[in-house]
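Peer 1: Read top to bottom, the protein sequences are chains A and B. So in our numbering the end of the first sequence lands on 390, straight run, no missing numbers. So in our numbering the end of the second sequence lands on 273, straight run, no missing numbers.
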Amino acid sequence: MNIHEYQAKQIFAKYGVPTPRGIIANTPSQAMTNAQELGGKIWVVKAQIHAGGRGLGGGVKLAKSLEEVKTLAGEILGMQLVTHQTGPEGKLVQKVYIEEGADIKDELYLGVVLDRAKEMPVIMASTEGGMAIEDVAHNTPEKIIKVAVDPAVGFQGFHGRELAFGLGLAKEEQGKFIKFAAALYKVYMENDAEMIEINPLIKTASGDFLALDGKMGFDDSALGRHPDIEDMRDISEEDADEREASRYGLSYISLDGEIGCMVNGAGLAMGTMDTINYMGGTPANFLDVGGSANAETVAKGFEIILKNPNVKAIFVNIFGGIVRCDRIANGILEATKLVDVHVPVIVRLDGTNAPEAAEILKNANIPNVIAATDLADGAAKAVAAAKGE
Amino acid sequence: MSILVNKDTKVIVQGFTGKEGSFHAEQCIAYGTNIVGGVTPNKGGQEHLGKPVFNTVKDAVNTTGATVSMIFVPPAFVADAVMEAADAGIELAVIITEGAPVRDMQAAKAFAVKHGMMTIGPNCPGIITAEECKIGIMPGMIFKKGNVGLISKSGTLTYEGANQVCKEGFGITTAVGIGGDPIIGLSYKQLLPMFEADPETEAIVMIGEIGGDLEIQAAAYIKENITKPVVAFIAGQTAPAGKRMGHAGAIVSGGAGTAKEKMEALEAAGVKVVVSPAEIGKAVAEVLKKK
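#1: Looking at chain A, is there any beta carbon in it that lies within less than 8 Å of the beta carbon of residue 145 (chain B)?
#2: Which residues bound the beta strand (DSSP E) around residue 133 (chain A)?
#3: Counting only beta-carbon atoms, is residue 290 (chain B) nearer than 8 Å to chain A?
#4: For residue 15 (chain B), does the three-state DSSP call read helix, strand or coil?
#5: Give a yes or no on whether the C-beta atoms belonging to residue 35 (chain B) and residue -2 (chain B) are separated by under 8 Å.
#6: List the residues of chain B whose Cβ lies closer than 7 Å to the Cβ of residue 252 (chain A), in chain order.
#7: Could you have a look at residue 106 (chain B) and say whether DSSP puts it in helix, strand or coil?
#8: Find out if the Cβ-Cβ distance for the pair residue 275 (chain A), residue 255 (chain A) is shorter than 8 Å.
#9: Look up residue -17 (chain B) in the DSSP assignment and say whether it is helix, strand or coil.
#10: Which stretch, first to last residue, makes up the beta strand (DSSP E) that contains residue 210 (chain A)?
#11: When you compare the segment 180 to 192 of chain B with the segment 117 to 136 of chain B, are there three or more beta-carbon pairs, one atom per stretch, that lie closer than 8 Å?
#12: Give the single residue among A:271, A:308, A:223 whose Cα lies nearest to the Cα of residue 58 (chain B).
#13: Just to confirm the assignment: which complete beta strand (DSSP E) runs, minimum length 3, are found wholly within the segment 176 to 248 of chain A?
#14: Closer than 9 Å, Cβ to Cβ, to anything on chain B: give me those residues from the segment 135 to 162 of chain A, in chain order.
#15: Please report how far the alpha carbon of residue 266 (chain B) lies from the alpha carbon of residue -15 (chain B), in whole angstroms.
#16: Under 7 Å between beta-carbons, which chain A residues line up against residue 124 (chain B)? List them in chain order, please.
#17: Give every residue of the same chain whose Cβ lies closer than 6 Å to the Cβ of residue -5 (chain B), excluding the five residues on either side of it in the sequence, and list them in chain order.
#18: Beta-carbon of residue 102 (chain B) versus every beta-carbon of chain C: anything under 8 Å?
#19: Residues in the same chain with beta-carbon distance under 8 Å from residue 84 (chain B), minus the five sequence neighbours each way, listed in chain order, please.
#20: Rounding to the nearest angstrom, what Cα-Cα distance links residue 198 (chain A) and residue 142 (chain A) in this structure?
#21: Quick one, which residues of the segment 87 to 99 of chain B are near chain A if we go by CB-CB under 8 Å, in chain order?
#22: Let me confirm a value: residue 173 (chain A) is counted as buried when at least 16 other C-beta atoms fall within 10 Å, else exposed. Which label applies?
#23: Any chance you could list the beta strand (DSSP E) runs of at least 3 consecutive residues sitting entirely within the segment 245 to 293 of chain A, in chain order?
#24: What residues are listed by DSSP as bridge partners for residue 98 (chain A)?
#25: Following the continuous alpha helix (DSSP H) through residue 375 (chain A), name the residue where it begins and the one where it ends.
#26: Quick test of the definition: if touching needs 3 or more C-beta pairs under 8 Å, does the segment 69 to 76 of chain A touch the segment 111 to 129 of chain A?
#27: Figure out for me which residue from A:328, A:357, A:308, A:189 has the closest Cα to the Cα of residue 344 (chain A).
#28: Using a beta-carbon distance below 8 Å, is residue 127 (chain A) in contact with chain B?
#29: Tell me which residues share the same chain as residue 55 (chain B) and place their Cβ nearer than 7 Å to its Cβ, disregarding the 5 neighbours each side in the sequence.
#30: If we ignore side chains and look at the alpha-carbon of each, how far apart do residue 253 (chain B) and residue 138 (chain B) end up?
#31: Between the C-alpha atoms of residue 280 (chain A) and residue 220 (chain B), what's the straight-line distance to the nearest angstrom?
#32: Taking 8 Å as the CB-CB cut-off, is residue 257 (chain B) touching chain A?
#33: Do three or more CB pairs link the segment 130 to 142 of chain A to the segment 150 to 161 of chain A at distances below 8 Å?
#34: For chain A, check one thing: does any of its Cβ atoms lie closer than 8 Å to the Cβ of residue 135 (chain B)?
#35: Is residue 8 (chain A) near residue 233 (chain A), with beta carbons less than 8 Å apart?
#36: So with CB distances below 8 Å, who are the chain B contacts of residue 222 (chain A)?
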């Protein structure tokens, strides 16, 4: 789960990670009131959407008067903000964060993620603040300092010194920076974060470090013990179909092809998409119906897949293990009664009791249900059906 | 022969009396797995599925001499269960539970390693030595005894792969589902040398997916150390970047962990890489015939 910048900054503040002062607004007049309350002469109006690159897309603007805050907020609120992470359709801006202006002397990068190879959180810092860290990693990897922290002992002085010296900080700057990094590590651990990114982290003219931006993602498996973070969920940022699917224990991701896929198991679901692609077709979605595929989950799967108007055929690929194929076959037949399936459905059932399942499908004799013998056969038939053959 | 487990392996079940634990323990016993008891706090002294129940893993180990534990406890308690097993001297914990927090698994694995306990999973189908010992949730009947070792991040692709291998007239020595979480126990790099050393294993099937770099590490290891033929499939060639594909660890982030880079690394290491899982069986037949 991801949260907005202003929410990340609320969490930062609780842990003593310094940020500029700011107030969230839903309307232009509220934005102006916020700016007045913050005081000062310069404010930043920032679109709140779950995507990076907001500045380049025109979602972050500097205002030099209260009137300008109002005008800019009016422009940004309600816009479809397009960035390199939103896709061409962009994302609707529903909130703007009004923040006091900062006197930027230098821009740095600081982030925390899990290093899967080391199996520890790694703190990453760079002097190349304000740039996409993926690009820095690709073009100038030597400009990224990485420090893995063993959670058994936590953040130590030497971790801080490695980061501070690596960034070339002056002696009088080191203490403040190390405190900042230590606090950020604590934010990461105590909230079961999956990643934190501050880009840029700024050094001000007065020698302070401030999180000018803040991005946080969380481990979905740990949200149960963080109800305060679960409360920060913004449903409007999530795909409605993916969300509905997850309510039924289905894992769904929509893609832009023509063949709907319904598969048990994430690996086989990806493998099915790959096979369709290999055979010259295009998958319309990833859909894992989980270990216990039954009539209800299959019916729900059909319903979600068929919401996508591009779907020209559906490939049901189930490897029945503990759940027997004959039961799944009956479930599919039942599901076709519950949902109006108007495209050809290619069904491949393999594993326990597969011959019995084939018999059931054959005897049912439903015109648009086509039985397949194995994965390759099923994928080939689905590709042909999608082409109208 | 086989790796890690066989018909003599003494197995206990943590979360023995729960719904999942009961169902699958019963299936394992029916398969022939030597399940010697189980652990459920406050149910010690009872009998379940004809086996003794203990309050603690230590009690279970002391009484039964078990060396392997199959773990079914709910996600919030998995780390505790794994650490208890390690502390009690269990040699291998097979963690079936799905949805364990990453931070918990990080701590549990570090603790297990410190205590010399191997782990498989979490969020995996488990391990099976064909026709001898099934510790997990896989359908036992598709694993015929044979000469092919299998390592897979995905449950249903394990079944798919094993089924194809058997349909080609071969069979399985041991199949290990290692799971697709960001932090897992035994991985390709630790399991490959076991299959290399197993005299009955003549070929190895390796099934990976997008995310992380375990397959890349495996490729480097295979190049230097593995003489037996390896067939590999990497799931997620058509997966969009930045999207989590079902498994918590199956995500291409920052352009790293793509199927393409993994397939190229494996090919460069002399592995026979197939582009569709439908080709696994045929590829195994091919490499075994060449031998």
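The C-beta atom is built at its ideal place from N, Cα and C for all residues, glycine as well.
Peer 2: The structure says:
#1: yes
#2: Premise fails: residue 133 (chain A) is in no beta strand (DSSP E) and is neither H nor E.
#3: In this structure chain B extends from -17 to 273, so residue 290 (chain B) is not present and cannot be described.
#4: coil
#5: yes
#6: 228
#7: coil
#8: no
#9: coil
#10: 210 to 212
#11: yes
#12: A:223
#13: 194 to 205, 210 to 212, 216 to 219
#14: 135, 138, 139, 151, 152, 153
#15: 19 Å
#16: 352
#17: 3, 7, 20, 52
#18: Within the model displayed, chain C is absent; protein chains A and B are what it includes.
#19: 163, 164, 165, 230
#20: 17 Å
#21: 88, 89, 91, 92
#22: exposed
#23: 252 to 255, 260 to 264, 286 to 289
#24: A:25, A:47
#25: Note, residue 375 (chain A): premise wrong, no alpha helix (DSSP H); not H, not E.
#26: no
#27: A:308
#28: no
#29: -4, -3, 63, 79
#30: 22 Å
#31: 13 Å
#32: yes
#33: no
#34: yes
#35: yes
#36: 57, 81, 82, 83, 84, 230
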